[in-house]
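Enquirer: After the structure tokens below, expect a handful of questions from me.
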Amino acid sequence: MRHVEGLIKFIDHSYTPYHVTENLKQMLLENGFEYISSDVENIKLGKKYFTIYNDSAIVAFTTPTSKTNVEAHIVASHNDSPTFKLKPNYILVDNNYVRFNTEPYGGAIYATFTDRILGVAGRVIVNEEGTLKTKLVNLPDDVIIPNVAIHMNREINSNLYLNPQVDMLPVFSLKKDNKLFQKEIISHDLYLYNKDKGHIWGQDKEFVSSPKLDDLECAYASIVAIMHQDANEFLNMSVVFNHEEVGSRSTNGAASNYLESLIRNITKKLELEDFEKIIRNSLIVSADNAHAIHPNHPELSDKTNYPVLNKGVVIKHQAGLSYTTDALSEAAFKYVLEKAGVPVQSYTNRSDKRGGGTLGSILLATLPISSVDIGLAQLAMHSAFETAGSKDIDYLVKALDTLFNERLNISNILINK
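Residue numbers are given in numbering that gives the first Met the number 0: position 245 of the sequence shown equals residue 244, and the series is strictly consecutive.
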């Protein structure tokens, strides 16, 4: 369990996607990566760089040591999680309470956000002496979303319905003259977050529970894997996008052409072989957690393709390509897992249940690269407090370490080369 304690510490201070990016930035700086702007104007062969877009997408990459026979090995994950976002005019005063007017961000399990201490954090834009500046904030005050007592709702244990405009507004204060900031803010992206700390537990410490395991577990693992890499013959990249939970349609989401443009710029600045040739031999690893078989509801899992906690990396499949894995990408990644000595599991949804989409299928709209969808098994996905296996993050880091050092030659596997 080498990496799980680092993961918990990381999540405890990663209140929002903006804080995630700032924390990953500090990790990369401490491990010899150089910050550059997205135009990659001054990059060189055999170096380690990172760039940030719109405060909340971060790309760490090592450039190849030579200009020929280059493969790109790309790990894509995301830094956002289902929660609630404060509306522009968020102060709501009525019935002697001050509440915050919020709306859902992503598909949260609403009930798990009630009756627990929540924080408010994000970014604000302020005017400092005529100049607009961005500030990361984590407000010192707590909020709570209180449930209705069972005496007032006798059906609460059998027929719970939570209306996000009625039931999910957090209480902030009893005062009516509230002001949250010392400075006047121009605009904000502020979110609720669960203040519960991560915890390793179980008879053999085999479980880890924490907010935001989906998908900070994969994001953290991908950056840990690349930050200790020396540059080699490949273009290795760990990409952490924002806004996956709401469809990725943003400048810093996977549905933009940001990654495709970045790879083209790197290829051009370093005078590598043509972009299309690199793409044909490259692999995207779309890393986003997978549903473990549930202890109380095993009937919700597929009969033969269900992951178990602490049994290794999960490869995800879906016939309609919500998950991008095909035989080619599966074989290439299984080769990596075998080299790494990491166990592998398979996941599919039950055929009568619809699953979610991932970054992989979104990225393929602009990057026609072979892609495999993977993750780590977890319970209670999209809860305010999720559970996974404490050993699995070590498996993922080890697998990605190996990915960044193995030549795949994907195009040579094809019948028609």
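The C-beta atom is built at its ideal place from N, Cα and C for all residues, glycine as well.
These numbers were taken from a predicted model, which means no experiment stands behind them.
(1) So, helix, strand or coil for Y96, using DSSP?
(2) Between Y96 and the rest of its own chain, which residues show a CB-CB distance below 6 Å, the 5 nearest in sequence each way excluded?
(3) Can you tell me the Cβ-Cβ gap for V284 and I73, rounded? I've got them flagged as a contact below 8 Å.
(4) Helix, strand or coil for G359 per DSSP?
(5) Which partner residues of A289 appear in the DSSP bridge assignment?
(6) Can you round the beta-carbon distance between L261 and V58 to whole angstroms, since I take them to be within the 8 Å contact cut?
(7) Could you spell out where the beta strand (DSSP E) holding S328 opens and where it closes?
(8) Does the Cβ-Cβ distance between F240 and A75 come in under 8 Å?
(9) Please state if the CB of T323 and the CB of S247 are separated by a distance shorter than 8 Å.
(10) If you follow the beta strand (DSSP E) that F9 is part of, which residue opens it and which one closes it?
(11) In this structure, does DSSP put Q474 in helix, strand or coil?
(12) Where are the alpha helix (DSSP H) runs, 4 residues long or more, that stay fully inside the stretch 168-248, in chain order?
(13) Quick one: what does DSSP say I392 is sitting in, helix, strand or coil?
(14) Do L271 and V69 have their C-beta atoms closer together than 8 Å?
(15) Look at the alpha carbon of G354 and the alpha carbon of I225, and state the distance between them as a whole number of angstroms.
(16) Comparing alpha-carbon positions, which option in Q164, N94, G45, N251 lies nearest D54?
(17) Give the secondary structure of T303 by DSSP, where H, G and I count as helix, E and B as strand, and everything else as coil.
(18) Considering Cα atoms alone, identify which of P103, I277, F274 is closest to M167.
(19) I'd like the span of the beta strand (DSSP E) that includes E127, first residue to last.
(20) Are the stretch 206-214 and the stretch 373-390 in contact at 8 Å, needing three or more beta carbon pairs?
(21) Is it the case that the Cβ atoms of D141 and K194 are separated by a distance below 8 Å?
(22) Can you grab the Cα-Cα spacing for the pair L282 / E243, in whole Å?
(23) Does the Cβ of D325 have 16 or more other Cβ atoms within 10 Å, making it buried, or fewer, making it exposed?
(24) Please determine, among N295, G388, N256, D213, the residue with the shortest C-alpha to C-alpha distance to S80.
(25) Please say whether A218 and H2 have beta carbons closer to each other than 8 Å?
Expert: Let me spell this out:
(1) strand
(2) V170
(3) 7 Å
(4) helix
(5) A376
(6) 6 Å
(7) It is not in any beta strand (DSSP E) - S328 instead sits in the alpha helix (DSSP H) that spans 326-339.
(8) yes
(9) no
(10) From DSSP, F9 is part of no beta strand (DSSP E) but of the alpha helix (DSSP H) over 3-11.
(11) As displayed, the chain neither begins before 0 nor continues past 416, which places residue 474 out of reach and without an answer.
(12) 212-226
(13) helix
(14) yes
(15) 30 Å
(16) N251
(17) coil
(18) P103
(19) 117-127
(20) yes
(21) yes
(22) 20 Å
(23) exposed
(24) D213
(25) no
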